[in-house]
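Just so you know, we're using the numbering used here here: the sequence shown kicks off at 22 and counts up by one.
From the three backbone atoms N, C-alpha and C, an ideal C-beta is built for every residue, glycine too.
Given the structure is predicted, the values throughout are model-derived calculations rather than measurements.
Scroll down for the structure; my scribbles are underneath it.
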Amino acid sequence: MTVLGIETSCDETAAAVVEDGRQVRSSVVWSQVQAHAPYRGVVPEIASRNHLKALIPVVETALHDAGVAPDCVDGLAVTLGPGLIGSLLVGVQFAKAVSFAWNRPLVGVNHLEAHVMAAFLDQDPPDFPFVALAVSGGHTSLYRVDAIGAFRLLGRTRDDAAGEAFDKAAALLGLPYPGGVHVDRVSEGRNPEAVHFPRAMLRETDTLDVSFSGLKTALRRHIESLQAPLDAATIGDLAASFQEAVVDVLVTRTLHAATQEQVRHVVVAGGVAANRRLRARMTGAITAAGLRLHLVPMAYCTDNAAMVAALGYHYLFGDRAGSRECARDLDMDPFERHVLDGW
Ligand code: KG4
Ligand code: ZN
Numbered sequence: 022m023t024v025l026g027i028e029t030s031c032d033e034t035a036a037a038v039v040e041d042g043r044q045v046r047s048s049v050v051w052s053q054v055q056a057h058a059p060y061r062g063v064v065p066e067i068a069s070r071n072h073l074k075a076l077i078p079v080v081e082t083a084l085h086d087a088g089v090a091p092d093c094v095d096g097l098a099v100t101l102g103p104g105l106i107g108s109l110l111v112g113v114q115f116a117k118a119v120s121f122a123w124n125r126p127l128v129g130v131n132h133l134e135a136h137v138m139a140a141f142l143d144q145d146p147p148d149f150p151f152v153a154l155a156v157s158g159g160h161t162s163l164y165r166v167d168a169i170g171a172f173r174l175l176g177r178t179r180d181d182a183a184g185e186a187f188d189k190a191a192a193l194l195g196l197p198y199p200g201g202v203h204v205d206r207v208s209e210g211r212n213p214e215a216v217h218f219p220r221a222m223l224r225e226t227d228t229l230d231v232s233f234s235g236l237k238t239a240l241r242r243h244i245e246s247l248q249a250p251l252d253a254a255t256i257g258d259l260a261a262s263f264q265e266a267v268v269d270v271l272v273t274r275t276l277h278a279a280t281q282e283q284v285r286h287v288v289v290a291g292g293v294a295a296n297r298r299l300r301a302r303m304t305g306a307i308t309a310a311g312l313r314l315h316l317v318p319m320a321y322c323t324d325n326a327a328m329v330a331a332l333g334y335h336y337l338f339g340d341r342a343g344s345r346e347c348a349r350d351l352d353m354d355p356f357e358r359h360v361l362d363g364w
């Protein structure tokens, strides 16, 4: 079954064609980063307008790259939330129009669930049940996943998401926007122990929640205390030390969650899952504990529509077909709060 996925929840306009929830035939991501860079953050109004301009060419390119004619598409999946409401509305209204015009079923999916399901786009997908760390610019949450659509929240950030913390740290260090990937790059070969930044809440062992806002403040205070412009070596050491603190917290909590839930498989998904230090440290820790780690393939960590199509397949044609727990066809509405329930 061939599913066309559409993703417009934030500042990436994306479309993808995926077969049977596993085989990516095409994945097109048009990033709006340049439009938002002058503001060092996503401007919702600019994002929605850019989605309006980009969506039709992006979908056409995805169909063309896949070599799939519209009448070969069996169903559509679109991100219903969470995300920026104006941006979501563009994707959802477009998907409804196409579903109506092509007479094909449409399903609305949760963006975080889609991030986690990107693990199934790998050659070696996880077995249920597993623990998933979804770590992105807007969210940092741990889930127990018993089946497609059967998620239970175990812990989450009480303030900043890890990606948000990376982006704020990058701004403090004078690195370009969006900062996560630049913190990753300048940390390479630098000293992660140059400064010991706080690992907030790690001593509290009765919770799987995390907190990153104090870490960002500690970095700001440290930079202020230096009272001098930062040279490249100092920026690298501070970035590496900051990154190490975030990674320590994420690895410790994920391992704790997997032990508590007695699962054998662990998934790490979302934009921050592209972080090389997190990938290396998580691999070491999870493997040493005798568990199986499934890192989402690099191409599907940050926002994309392949993950949306992959998840949509299960609600349209797979194990969850006919389930009434998700929004379908022309009824769906990104304003409905149930999109966020439990996430
Ligand atoms: O999943 P995503 O594309 O969008 C959201 O759903 O939020 O995640 C974007 C986040 C940004 O905060 C970005 O800085 C971060 O992921 N990110 C990284 C890396 N690549 C992207 N953070 C750390 N290291 C990276 N290599
Ligand atoms: Zn995302």
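Relative to the alpha-carbon of residue i, which residue among the options has its alpha-carbon at the smallest distance?
{"i": "A68", "options": "R211, I106 and T280", "result": "I106"}
{"i": "T280", "options": "V63, T29, R241 and P150", "result": "P150"}
{"i": "D181", "options": "R297, F172, H160 and R173", "result": "H160"}
{"i": "V231", "options": "G104, D269 and S246", "result": "D269"}
{"i": "M319", "options": "K74, N296 and F218", "result": "N296"}
{"i": "G253", "options": "S344, H203 and P146", "result": "Note that residue 253 corresponds to Ala in the displayed sequence, not to Gly. When only C-alpha atoms are compared, the closest one is H203."}
{"i": "D143", "options": "V94, V317 and A326", "result": "V317"}
{"i": "R43", "options": "D205, H277, A56 and P146", "result": "P146"}
{"i": "V63", "options": "A140, V111, V45 and Y198", "result": "Y198"}
{"i": "E40", "options": "C322, R274, H315 and F141", "result": "F141"}
{"i": "D32", "options": "A310, Q53 and A116", "result": "Q53"}
{"i": "S262", "options": "F218, L110 and A186", "result": "F218"}
{"i": "T273", "options": "R285, L299, G235 and Y60", "result": "L299"}
{"i": "Q264", "options": "W123, R349, E185 and A58", "result": "E185"}
{"i": "L110", "options": "H72, A90, Y164 and N325", "result": "H72"}
Quick check on residue i: does DSSP put it in helix, strand or coil?
{"i": "W364", "result": "coil"}
{"i": "L236", "result": "helix"}
{"i": "T323", "result": "coil"}
{"i": "Q44", "result": "strand"}
{"i": "E209", "result": "coil"}
{"i": "R61", "result": "coil"}
{"i": "V448", "result": "Residue 448 is absent from the structure shown; the chain starts at 22 and stops at 364."}
{"i": "S30", "result": "coil"}
{"i": "H315", "result": "strand"}
{"i": "N124", "result": "coil"}
{"i": "T308", "result": "helix"}
{"i": "F263", "result": "helix"}
Identify, in the order they occur along the chain, each residue of the same chain with its Cβ nearer than 6 Å to the Cβ of residue i, setting aside the five sequence neighbours on each side.
{"i": "V79", "result": "T34, A36, V49 and W51"}
{"i": "A83", "result": "A36, A37, V38, S47 and V49"}
{"i": "V113", "result": "V99 and P355"}
{"i": "G96", "result": "V24, R125, P126 and L337"}
Between residue i and the rest of its own chain, which residues show a CB-CB distance below 8 Å, the 5 nearest in sequence each way excluded?
{"i": "L251", "result": "L194, G195, I244 and L259"}
{"i": "T228", "result": "G176 and M222"}
{"i": "F121", "result": "L351"}
Excluding five sequence neighbours on each side, which residues of the same chain lie with their C-beta closer than 7 Å to the C-beta of residue i?
{"i": "V207", "result": "L196, I256, G257 and A260"}
{"i": "H132", "result": "S30, T100, G102, P103 and G104"}
{"i": "V119", "result": "L97"}
{"i": "C93", "result": "T23"}
{"i": "Y321", "result": "A139, L142, A327 and M328"}
{"i": "M353", "result": "L101, V113 and G129"}
If you measure from the CB of residue i, is any heavy atom of the ligand MG nearer than 7 Å?
{"i": "D188", "result": "Of the ligands one can find in the structure shown, namely the ligand KG4 and the ligand ZN, none is the ligand MG."}
Stretch-stretch touch, CB-based, cutoff 8 Å, three pairs: the region 170 to 177 with the region 192 to 200: The way I'd put it, the region 170 to 177 doesn't touch the region 192 to 200; fewer than three beta-carbon pairs between them come closer than 8 Å.
With three or more beta-carbon pairs closer than 8 Å as the criterion, would you say the region 278 to 295 touches the region 117 to 137? Touching, per the Cβ criterion.
Between the region 119 to 129 and the region 149 to 164, are three or more C-beta pairs nearer than 8 Å? Contact between the region 119 to 129 and the region 149 to 164 is absent, with fewer than three C-beta pairs closer than 8 Å.
So, does the region 216 to 226 touch the region 166 to 174, judging by three or more C-beta pairs under 8 Å? Contact between the region 216 to 226 and the region 166 to 174 is absent, because fewer than three Cβ pairs lie under 8 Å.
Taking three-plus beta-carbon pairs below 8 Å as touching, is the region 254 to 264 in contact with the region 211 to 222? In the pairwise beta carbon analysis, the region 254 to 264 is classified as touching the region 211 to 222: at least three pairs are separated by under 8 Å.
Can at least three beta-carbon pairs, one atom from the region 299 to 311 and one from the region 58 to 68, be found at a separation below 8 Å? Flag = no, the region 299 to 311 and the region 58 to 68 do not touch.
Any chance you could list the alpha helix (DSSP H) runs of at least 4 consecutive residues sitting entirely within the region 155 to 201, in chain order? List check, alpha helix (DSSP H) in window: 183 to 193.
Would you list, in sequence order, the uninterrupted beta strand (DSSP E) runs of no fewer than 3 residues that lie entirely inside the region 80 to 104? Fully enclosed beta strand (DSSP E) runs of 3 or longer: 96 to 102.
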